[in-house]
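A quick write-up on the structure given underneath.
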Amino acid sequence: MSTASDNATADDSERGAEIVLQFLELSRTATERPLSEEELGTVNEFLRLHPSLDRSLGVTYLAVEPQRMVIRLEVTEAHQQPWGVTNGGVYACLGETAASMASFVAAGAQTPVMGTSNKTDFLRPTRPGDVIVSTATPEHVGRTSHLWRVEHRAEATGKLCALTYLKTTVQG
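Oh and the sequence shown: position 36 is 36 in full-length UniProt numbering, straight run, nothing missing.
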């Protein structure tokens, strides 16, 4: 006997498979042009349905472009260290997320990329209720390795809170 819960799970599973294919197609599209608002909605739906650290943190994509990636995070109590400020690991994760996705797109969205070095400097604290906007831009895009600079800014003030340099290797 099938329950409503079973049907919902099957529907989510089918939608999940469909959204993965759309996500990969949109990644390839982003190698040529910035994604539209509607396309960004699909990318963010992928994050909502796909179990990942990005989903656990609450990351949303604001821009996916051939040479630029912008993500956003609303800081909650779950992101803080015992002293009430955002844990530095959150910035490192945001840097890894933005730069890895940017690197995947820059590499043609056909082959995996992996982070090999993540250096994040913390400059200014954020707290629950703040919003962090992280923007990845390339310093170097080679055939087998990339280096990305990720600026993490407080949305309300535009002030730089942290800076990540992420090196990736292009697989294949």
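Idealized CB from N, CA, C, for every residue including glycine. Quick caveat: nothing in here was measured; it's all calculated off a predicted structure.
Query, Result
"Have a look at Val131, Thr137, Gly95 and flag the residue whose alpha-carbon is nearest the alpha-carbon of Ser117.", "Gly95"
"Could you tell me whether the Cβ atoms of Thr29 and Pro66 are closer together than 7 Å?", "no"
"Quick check on the DSSP output: the beta strand (DSSP E) that includes Val59 runs from which residue to which?", "Taken as a continuous stretch (DSSP letters only), Val59 belongs to no beta strand (DSSP E), as it is neither H nor E."
"Under 8 Å: do the stretch 35–55 and the stretch 119–136 share three or more Cβ pairs, one atom per stretch?", "no"
"Starting from the C-beta of Val90, find all residues in its chain whose C-beta is less than 6 Å away, skip the five residues before and the five after it, and write them out in chain order.", "His79"
"Output the residue ranges of the alpha helix (DSSP H) runs that lie fully inside the stretch 32–116 and measure 4 residues or longer, sorted by chain position.", "37–49, 53–57, 88–106"
"Residues in the same chain with beta-carbon distance under 7 Å from Ser5, minus the five sequence neighbours each way, listed in chain order, please.", "The pLDDT assigned to Ser5 is 46, lower than 50, so where the model puts this residue is not dependable, and the model offers no usable value."
"Are Thr168 and His140 close, meaning C-beta to C-beta below 7 Å?", "no"
"In whole angstroms, what is the alpha-carbon distance linking Leu62 and Glu39?", "11 Å"
"Please report the straight-line C-alpha distance between Ser52 and Val59, rounded to a whole angstrom.", "10 Å"
"Which residue wins for smallest C-alpha separation from Val64, given the options Val75, Phe23, Ser56, Val85?", "Phe23"
"When burial is assigned at 16 or more other CB atoms within 10 Å of the CB, is Gln110 buried or exposed?", "exposed"
"Decide if Met101 is buried, meaning its Cβ has at least 16 other Cβ atoms within 10 Å, or exposed.", "buried"
"Give me the Cα-Cα distance between Ala154 and Lys119, rounded to the nearest whole angstrom.", "19 Å"
"Locate the beta strand (DSSP E) running through Pro138, then write down its first and last residues.", "131–141"
"Say yes only if the C-beta of Gln80 is nearer than 6 Å to one or more non-hydrogen atoms of the ligand GDP, and no if none qualify.", "What this structure holds is no ligand at all, so the ligand GDP is not there to describe."
"If you measure between the beta carbons of Ala162 and Phe122, is that distance less than 7 Å?", "yes"
"Can you tell me whether Glu14 is helix, strand or coil according to DSSP?", "helix"
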